[in-house]
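First to last, the protein sequences are chains A and P.
If you read the first sequence in the working numbering, its first letter stands for residue 3, the second for the next number, and so on.
If you read the second sequence in the working numbering, its first letter stands for residue 15, the second for the next number, and so on.
Take a look at the structure below.
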Amino acid sequence: MTKKEKKLNLSITNPRVFDAVKLLCALLIALVITFLVLCLISKNPVKAFFTILTGPLSKRRYFGAVIESFIPYAFAGLAAGILFKSGAFNLGAEGIYIISGVSVAAVACSSITTSGFLHPILCVLAAAVTGGVLMIIPSFLKAKFGTNEMVVSLMLNSIYLGISMYLIRTFLLTKTTSTIGSKDYLPTAKIKYLYEPLRISPAFILLIIVTIVLYLVMFKTKLGYQMRLAGANPKFAEYSGISAFKLAIITAAMAGVLAGTGSAIQLLTQSSFYQPDKTATGIGFSGMLLAMLGRNNPIGIVVASFLIKYLEQGASVLYFSDTSVPSEIVAIVEGIIILLISSQYFLRGFREKMLLKEGLKKDAK
Amino acid sequence: MLSSIFSSLFTMNFLLTAIRLATPILFASIAAFITASAGIVNIAVESIMTFGALAGILGSYATGSAWLGLMIGLVVGVGVALLIAFFSMKLGADPILIGIALNTFADSLAIFFLYLVTGEKGTSASLHTPTLSKVTIPFIEKIPFFGKILSGQYVLTYVCWILLIILFIMLYKTPLGMRLRACGLNSDAAKTAGINVRRIQIFSLILSGFFAALGGMYLSLNSIHLFSKGMVSGQGWMGIAANGISGGRYGTLLLSAFIFAVFRAFSIIFSQSTIFPVDLVGAVPYFAVFFFVTISSILNYLRIKRGNVEEK
Numbered sequence: 003m004t005k006k007e008k009k010l011n012l013s014i015t016n017p018r019v020f021d022a023v024k025l026l027c028a029l030l031i032a033l034v035i036t037f038l039v040l041c042l043i044s045k046n047p048v049k050a051f052f053t054i055l056t057g058p059l060s061k062r063r064y065f066g067a068v069i070e071s072f073i074p075y076a077f078a079g080l081a082a083g084i085l086f087k088s089g090a091f092n093l094g095a096e097g098i099y100i101i102s103g104v105s106v107a108a109v110a111c112s113s114i115t116t117s118g119f120l121h122p123i124l125c126v127l128a129a130a131v132t133g134g135v136l137m138i139i140p141s142f143l144k145a146k147f148g149t150n151e152m153v154v155s156l157m158l159n160s161i162y163l164g165i166s167m168y169l170i171r172t173f174l175l176t177k178t179t180s181t182i183g184s185k186d187y188l189p190t191a192k193i194k195y196l197y198e199p200l201r202i203s204p205a206f207i208l209l210i211i212v213t214i215v216l217y218l219v220m221f222k223t224k225l226g227y228q229m230r231l232a233g234a235n236p237k238f239a240e241y242s243g244i245s246a247f248k249l250a251i252i253t254a255a256m257a258g259v260l261a262g263t264g265s266a267i268q269l270l271t272q273s274s275f276y277q278p279d280k281t282a283t284g285i286g287f288s289g290m291l292l293a294m295l296g297r298n299n300p301i302g303i304v305v306a307s308f309l310i311k312y313l314e315q316g317a318s319v320l321y322f323s324d325t326s327v328p329s330e331i332v333a334i335v336e337g338i339i340i341l342l343i344s345s346q347y348f349l350r351g352f353r354e355k356m357l358l359k360e361g362l363k364k365d366a367k
Numbered sequence: 015m016l017s018s019i020f021s022s023l024f025t026m027n028f029l030l031t032a033i034r035l036a037t038p039i040l041f042a043s044i045a046a047f048i049t050a051s052a053g054i055v056n057i058a059v060e061s062i063m064t065f066g067a068l069a070g071i072l073g074s075y076a077t078g079s080a081w082l083g084l085m086i087g088l089v090v091g092v093g094v095a096l097l098i099a100f101f102s103m104k105l106g107a108d109p110i111l112i113g114i115a116l117n118t119f120a121d122s123l124a125i126f127f128l129y130l131v132t133g134e135k136g137t138s139a140s141l142h143t144p145t146l147s148k149v150t151i152p153f154i155e156k157i158p159f160f161g162k163i164l165s166g167q168y169v170l171t172y173v174c175w176i177l178l179i180i181l182f183i184m185l186y187k188t189p190l191g192m193r194l195r196a197c198g199l200n201s202d203a204a205k206t207a208g209i210n211v212r213r214i215q216i217f218s219l220i221l222s223g224f225f226a227a228l229g230g231m232y233l234s235l236n237s238i239h240l241f242s243k244g245m246v247s248g249q250g251w252m253g254i255a256a257n258g259i260s261g262g263r264y265g266t267l268l269l270s271a272f273i274f275a276v277f278r279a280f281s282i283i284f285s286q287s288t289i290f291p292v293d294l295v296g297a298v299p300y301f302a303v304f305f306f307v308t309i310s311s312i313l314n315y316l317r318i319k320r321g322n323v324e325e326k
C-alpha cells in the first residue's frame, strides 16, 4: 500500500464515511420525527425534547442509573450481534436471560461461599454455563436438520419462562410476597460498586473487557473471519471448507455465555430477589434491536446500548414532570433509526451522484 | 380427578374451545402462507396482529362502531405490510431484520398509542368499545352436533372460514394464484414468463397484512373486547410455524394450525385443575409447536438424505 492511499479519506465516497453520514442522517430524521410527535402530544414540546436529551445529565444518580442499567442490555446486544453477524437468526437470548436467572438465584440464595468476592463470580459462571448450553439447542437443530431457528428459539423462550416459573415456585419460593419470586439473595452475592456515585461496578469493567475481546475475535482472528464470511455468504463459506455446523455451535455457545452473563449482572445489580416474569424480561429482545443499531459491531453495539438507555432515562426523567409523554417514545426513535440504517439503498442515490462527480473530476485531470 | 379431566377432553365443549382458539392461528398461518407462496418472507405477522388488535379497539372506540373499527384495523395492518414492502423492496433492507425489528418494538409502540388514548399502559379496559357479536344461523343451529359448530361462532370466525375457501380457490384454481405460486417456486422462471414478480409479491404482502390484522382483531374485538399488552402471545409465530411445517401444502397448513389450537385448548383446560404444575401447563402449546416444527424438519432432513426428494 502506498503512502498516498493510506491518507485519511474523508469524502462521502469512502464507505466508512458514508456509513457514518447515513447513521447521522438516520439519527437526525429520528430526532425530528420525535420532536414532531412531541409537538402533537405534549403541551411544551421544546422543553420535553430537551429533557429527553439532557435529563440524565441533570443529576448524578440519573447518569449513574444509565451506567448501571445499560450493561445487561449491552450483553444482550453483543449476544445477538455475533449471532446475526454469522448469519444465525437465533432469537433465544430472551429465554436465556430468564432461565439463566434461575441458576443465578439458586447460587445467590445458597451459602456456597462466604466470600463477597467469589460469590458473584460463581453466580455469573452458573448463568454463563446455563446460557451457553441452552442457546445451542436452536442453532444445533438449524445446522443439523434445517429447522426454522426463529420459530424454535421463540417457542423455547416461552417454554423457558414456564420452566423458570415452575422451578422458582417449587424450589426457591419466598413466602413474603404474593407474586412468584425467589428468596432474597444473600448479601455476599451482590456486586459491589467500585465507584459508588456513578455506580461503576466490576460488571462495567467486565463489559469493556468482553467488548474488546469480542472485537478482536471478530475482526482479527480466523474464527471471526469465518463467522463474518458465513454471515455474508454462507454458500461461499461452505465451499471454502468452513464447517457450518461447528461454526453455528461455537457462535451459539458464545452468544449463550454472553446472554447468561448479562442475566446474572441484571439480577445482581437490579434486584434483590428473582421474579422470572419481571426481573430480566425484554432484555434479550431489546438486544436484537441494539445489535441492529450497532450494525453487529461489538463497539457499535455497546455505544448504541448506552445511547438508548440514556434516551430511556431521559424519557423517564421527563415522565416525572410531564406525564403526557410515555417513556415508550424511545421505541419510536429506535425503530426509525433501525429501519433507516438497515436499508441498503437509503441515501445510495446521493452517494452514487458523488461517486460520479469524483470520477468526472479524475477524468478531467 | 385425572379421569374427569381426560373425559372433559372428549366433549363438545373442548372441541368448541379448540375451534374458537383456532381462528387467530388460522389467520396467522394463511398470512405466513400467502407470502411464502409468493417467495418472500414475512415474519412480522406477530407484530401486524398486535397493531391490528390495537387499531381495531381504538378505531371502534373512536367511531363507536365495531365494523368501522374493523376497517381501521385492516387499514393499519395493510399499512404495516406496505411499510415492510417499501423498506425491503424499495430500500433494500433485509426483510427478516425488518420483521425482527417490527416484532420487537410492536409492544412498546402499541403501549405508546394505548397510553396516549387511555392514559394506561396495560389494557384498554377503561374504554367502552362496541364489539362484534356471535352469529346464530337459524335452522342450521338445530342440526345435532354440527349445528353447535356451524352456528353461534363469532363473525370473524365465519370470515376466516370463507377466506380459507376463497384463498384456496384463488391460489390453486385461478391464473393469478398460479402466477403467485410461480413466483415462489422459481422467481426467475416467473419473470421470464412475463410475470411482474415484484407486483405479485407486494400483492401477497398486502393480503398477508390483511389476514394478520383480522387475526389480531379476532383477539381484541370479540368476547373480551379489549386490547392488553402481550395479548397475541406468540400466535403469529404459531402461524409461521404452521407454514413451515406445511411445506407448501394447504391442507397440512390448516391441520397444523388447528393442532396448535387444540394444544392451546389443552393448556387452558389443564390450567384449571391443580394436578399439573400450572406454569408448565402454560408452556404446553409452545412446546407442541417446538416439537412439531422439529419433528417435521427432521423428517424432511431424512427424506432429503435418502435422496427421494430434491432439496428445495
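No residue lacks a Cβ here, since even glycine has one placed at the ideal position from N, Cα and C.
Using a threshold of 9 Å, state whether the C-beta atoms of residue 52 of chain P and residue 150 of chain A are closer than that. Their beta carbons are not under 9 Å apart, which means residue 52 of chain P does not touch residue 150 of chain A by this criterion.
Kindly indicate which residue of A:358, A:294 and A:306 has the alpha-carbon position closest to the one of residue 82 of chain A. Answer by Cα proximity: A:294.
Using the C-alpha atoms, what's the distance from residue 238 of chain A back to residue 307 of chain P? Cα to Cα, residue 307 of chain P sits roughly 28 Å from residue 238 of chain A.
When you check each C-beta in the stretch 295-327 of chain A against every C-beta of chain P, which residues fall closer than 7 Å? Within the stretch 295-327 of chain A, no residue qualifies.
Would you identify the three-state DSSP class for residue 175 of chain A, choosing helix, strand or coil? Strand at residue 175 of chain A.
Based on the DSSP secondary-structure assignment, which residues constitute the bridge partners of residue 107 of chain P? Paired residue(s): A:345.
Under 9 Å from the C-beta of residue 143 of chain A: neighbouring residues of chain P: For a Cβ distance threshold of 9 Å, residue set 307, 308, 311 and 312 of chain P lies close to residue 143 of chain A, ordered along the chain.
Start-to-end residues for the alpha helix (DSSP H) that takes in residue 121 of chain A: For residue 121 of chain A, the uninterrupted alpha helix (DSSP H) run begins and ends at 120-147, by DSSP.
What do you get for residue 263 of chain P, buried or exposed, if any count of 16 or more other CB atoms within 10 angstroms of its CB means buried? Result: exposed.
From residue 257 of chain A to residue 77 of chain A, what does the alpha carbon distance come to, in whole angstroms? C-alpha separation (whole angstroms): 9 Å.
Uninterrupted alpha helix (DSSP H) stretches inside the stretch 310-343 of chain A (no shorter than 4 residues): Listed in chain order, the complete alpha helix (DSSP H) runs (minimum 4 residues) inside the stretch 310-343 of chain A are 331-343.
Per DSSP, which residues does residue 150 of chain P bridge with? Please list them. Looking at the DSSP assignment, residue 150 of chain P forms no beta bridge with any residue, so it has no partner.
Residue 38 of chain P CB to nearest chain A CB: under 9 Å? Chain A contact via Cβ: absent.
So residue 149 of chain A contacts chain P; which residues on that side make the cut at Cβ distance below 7 Å? Within 7 Å of the CB of residue 149 of chain A, the CB atoms of chain P belong to 307, 308 and 311, in sequence order along the chain.
Note the first and the last residue of the continuous alpha helix (DSSP H) segment covering residue 268 of chain A. Taken as a continuous stretch (DSSP letters only), the alpha helix (DSSP H) holding residue 268 of chain A covers 246-272.
Do residue 95 of chain P and residue 248 of chain P have their CB atoms nearer than 9 Å? No, these two residues do not count as a Cβ contact at 9 Å.
Cβ neighbour criterion (16 or more within 10 Å) applied to residue 22 of chain A: Exposed, since its Cβ has fewer than 16 Cβ neighbours within 10 Å.
Going along the chain, which residues of its own chain have a beta-carbon closer than 7 Å to the beta-carbon of residue 172 of chain P, five neighbours each way excluded? The answer, listed in chain order, is 149.
Chain-order list of residues whose beta-carbon lies under 6 Å from that of residue 225 of chain P (same chain, five-residue window excluded): Taken in chain order, the residues that qualify are 41, 44 and 45.
Residue burial classification, residue 215 of chain P (beta-carbon count within 10 angstroms, cutoff 16): Label assigned to residue 215 of chain P: buried.
Given that a residue counts as buried once 16 or more other Cβ atoms are within 10 Å of its Cβ, and exposed if not, what is residue 144 of chain A? With 16 or more neighbouring CB atoms inside 10 Å of its own CB, residue 144 of chain A falls in the buried class.
Measuring only the C-alpha atoms, how far is residue 54 of chain P from residue 193 of chain A? Taking the CA atoms as reference points, residue 54 of chain P sits about 47 Å from residue 193 of chain A.
Based on the DSSP output, what are the partners of residue 167 of chain P in its beta bridges? Beta-bridge pairing links residue 167 of chain P to P:149.
Quick check on residue 258 of chain P - is its C-beta less than 9 Å from some C-beta in chain A? Put simply, the CB of residue 258 of chain P is near chain A, with a gap under 9 Å to one of its CB atoms.
Within the 9 Å Cβ cut-off, does residue 333 of chain A reach chain P? By this cut-off, residue 333 of chain A is an interface position.
Among P:236, P:70 and P:250, nearest to residue 166 of chain P - alpha-carbon criterion: Distance from the Cα of residue 166 of chain P is smallest, within the candidate group P:236, P:70 and P:250, for P:236.
Less than 6 Å between C-beta atoms, sequence neighbours within five positions excluded: which residues of the same chain meet that for residue 329 of chain P? This structure gives no information on residue 329 of chain P, because the portion of chain P shown stretches from 15 to 326.
Measure the Cβ-Cβ separation of residue 254 of chain A and residue 138 of chain A and say whether it is below 9 Å. With contacts defined by Cβ atoms closer than 9 Å, residue 254 of chain A and residue 138 of chain A form a contacting pair.
Suppose contacts are defined by Cβ-Cβ distances below 9 Å. Is residue 37 of chain P in contact with residue 229 of chain P by that definition? Yes, Cβ-Cβ distance for residue 37 of chain P and residue 229 of chain P is below 9 Å.
Burial state of residue 4 of chain A (16 or more Cβ within 10 Å): Confidence at residue 4 of chain A is low in this model, with a pLDDT of 45, below 50, so its placement is unreliable and the value that follows should be read with caution. Residue 4 of chain A should be labelled exposed.
So, for residue 326 of chain P: in the same chain, excluding its five sequence neighbours on each side, which residues have a beta-carbon less than 7 Å away from its beta-carbon? Bear in mind that the predicted position of residue 326 of chain P carries a pLDDT of just 46, short of 50, making it unreliable; the figure below should be weighed with that in mind. Nothing listed; no residue qualifies.
Reduced DSSP secondary structure (H/G/I, E/B, other) of residue 356 of chain A: When secondary structure is reduced to three states using DSSP, residue 356 of chain A falls in the helix class.
Flag this pair as touching only if the stretch 238-245 of chain P and the stretch 131-142 of chain P have three or more C-beta atom pairs under 8 Å; answer yes or no. As far as the Cβ criterion goes, the stretch 238-245 of chain P touches the stretch 131-142 of chain P, which means the pair count is three or higher.
Starting from residue 245 of chain P, trace the alpha helix (DSSP H) in both directions and tell me its first and last residue. Secondary structure note for residue 245 of chain P: it is in no alpha helix (DSSP H), with a DSSP letter that is neither H nor E.
Counting only Cβ pairs nearer than 9 Å, list the residues of chain P close to residue 347 of chain A. Within chain P, the residues near residue 347 of chain A are 104, 105, 106 and 107.
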